[in-house]
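Let me begin by presenting the structure, written as structure tokens, before commenting on it.
Protein chains: 2
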Amino acid sequence: MNLDQALDLLKREGYKFTGKREEILRIFAGEKRYMSAKDILELMKPEYPQLSFDTIYRNISLFAELGILEETEWDGERKYRFLCNEVHHHHHLICLTCGKTMHLRACPLDGLLGDPTDFTITGHKFEIYGYCSACGA
Amino acid sequence: MNLDQALDLLKREGYKFTGKREEILRIFAGEKRYMSAKDILELMKPEYPQLSFDTIYRNISLFAELGILEETEWDGERKYRFLCNEVHHHHHLICLTCGKTMHLRACPLDGLLGDPTDFTITGHKFEIYGYCSACGA
DNA sequence: TATCTATATCGGAATTATTCTTATTTAAGA
DNA sequence: TCTTAAATAAGAATAATTCCGATATAGATA
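Chains as they are written, first to last, in this note's numbering: chain A, 1058 to 1194; chain B, 1058 to 1194.
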């Protein structure tokens, strides 16, 4: 996924082009790290002083639904980043301070592949979500 | 971890014994699934009609710090469950409706070990948290 | 057992993230 | 250019969580 692909997808799906949508996407495309709605708002405030939270939330939720952004949450806050579409299956090391990510090409749970030296691991989450038989699909 | 071990740990660490703490722990020990603060409050309301949210939050945070509960979050809500201390390394399938968990003994990312038939997987999260070199430990 | 004190709890206010509502604006097609 | 459905702004509403001041109490001590 890159900026142009994302804009194409929006058009293809019938959504309107707006300067704000482009700018939100441009920010995510430029900073390949997890960011919150507030982060985005603050980055855009200089250019769009009137920008409302609603616009940010509405759009990033839309982008996540369309597969443009990936979503996670920690510290009680939802965070988003531009979708990683590398060919190989991978996962992320996520910095809890700046949201920056690093790729892991293998599953680190069996052997942890010589821990990266430039990242201090404090925890991990490996969870699979869905519905049990009692709760139905 | 079981109820008695948890109560022992509290005493050992110098925390006071209260009926509410015991009851919170009893509930988690009895229901091996993820539950929110509200879930706990509602289960305890009949017995303790005056129970405040503050008490629930304060205690489950404490229990999580002490390693009695494990914590995660989805749908914008923090959820807790009694710590799984099985000998083998494992992870969870988590039902997004009831919070019930099932164990996975292997890393499901390489081959997914014959998907369980009684669980509909809708997504997963495999993330490792910590601090990058720029943000320090 | 009675007293003391740090801790725990209550009740409600404050905070923070997110969603909703209504009026207004605007992108894009006719 | 005109029209209209979609997008936005502004602020209210909601919901999870934390904070705060006053009161209650577990557990230590006399």
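Just so it is clear, CB atoms sit at the ideal spot from N, CA and C, and this is done for glycine as well. All values reported here derive from a predicted model rather than from experimental measurement.
- For A/ILE1117, the enclosing alpha helix (DSSP H) begins and ends at 1110-1122.
- One finds nothing in chain A with a Cβ atom closer than 7 Å to the Cβ of B/LYS1077; even the nearest lies about 24 Å away.
- Under the Cβ criterion of 8 Å, A/GLU1122 is not counted among the residues facing chain B.
- Boundaries of the alpha helix (DSSP H) around A/ARG1078: 1076-1087.
- Check the Cα spacing between A/LEU1150 and each of A/TYR1091, A/PHE1085 and A/PHE1110: the tightest is with A/TYR1091.
- Short of 8 Å from the beta carbon of A/ARG1135, and not among the five residues preceding or following it, lie these beta carbons of its own chain, in chain order: SER1093, ALA1094, GLU1128 and THR1129.
- Identification of chain A residues near B/CYS1192 by a Cβ-Cβ cut-off of 7 Å yields CYS1152, THR1154 and CYS1155, ordered along the chain.
- According to the DSSP secondary-structure assignment, A/CYS1141 is paired through a beta bridge with no residue.
- According to DSSP, B/LYS1136 shares a beta bridge with B/THR1129.
- The continuous stretches of beta strand (DSSP E) do not include B/GLU1070, and DSSP gives it neither H nor E.
- If you draw a straight line from the Cα of B/ARG1115 to the Cα of B/ILE1097, it is about 13 Å long.
- As the crow flies, the alpha-carbon of A/GLY1124 is around 7 Å from that of A/LEU1140.
- Assigned with DSSP and collapsed to three states, B/GLU1104 falls in coil, not helix or strand.
- For A/LEU1153, the secondary structure class from DSSP, reduced to helix, strand or coil, is coil.
- Only buried fits A/ALA1063, as 16 or more other CB atoms lie within 10 angstroms of its CB.
- Under a 10 Å Cβ-count criterion, B/GLY1076 is classified as exposed, with fewer than 16 other Cβ atoms of the shown protein chains found around its own Cβ.
- Taking a beta-carbon distance threshold of 8 Å, A/TYR1188 counts as an interface residue toward chain B.
- Rounded to whole angstroms, the gap between the alpha carbons of B/LEU1067 and B/TRP1131 is 28 Å.
- Within chain A, the residues ILE1185, TYR1186 and GLY1187 have their CB atoms less than 8 Å from the CB of B/GLY1180, given in chain order.
- Taking B/THR1112 as the centre and dropping the five residues before and after it, the same chain places the C-beta of LYS1077 closer than 8 Å to its C-beta, in chain order.
- Straight-line spacing of the CA atoms in A/LYS1089 and A/HIS1147 works out to 15 Å.
- The shortest C-alpha to C-alpha distance from B/ILE1081 to any of B/GLU1070, B/PHE1110, B/THR1158 and B/ARG1069 is the one to B/PHE1110.
- Leaving aside the five residues that flank A/LEU1060 on each side, the residues in its chain whose CB is nearer than 7 Å to its CB run, in chain order, LEU1082, ARG1083 and ALA1086.
- About 6 Å separates the beta carbons of A/LYS1182 and B/LYS1182, which is inside the 8 Å limit, making them a contact pair.
- Taking 8 Å as the cut-off, the Cβ atoms of A/CYS1189 and B/ASP1175 count as close.
- Contacts between A/HIS1160 and chain B, judged by CB atoms closer than 8 Å, are missing: the closest CB pair is about 11 Å apart.
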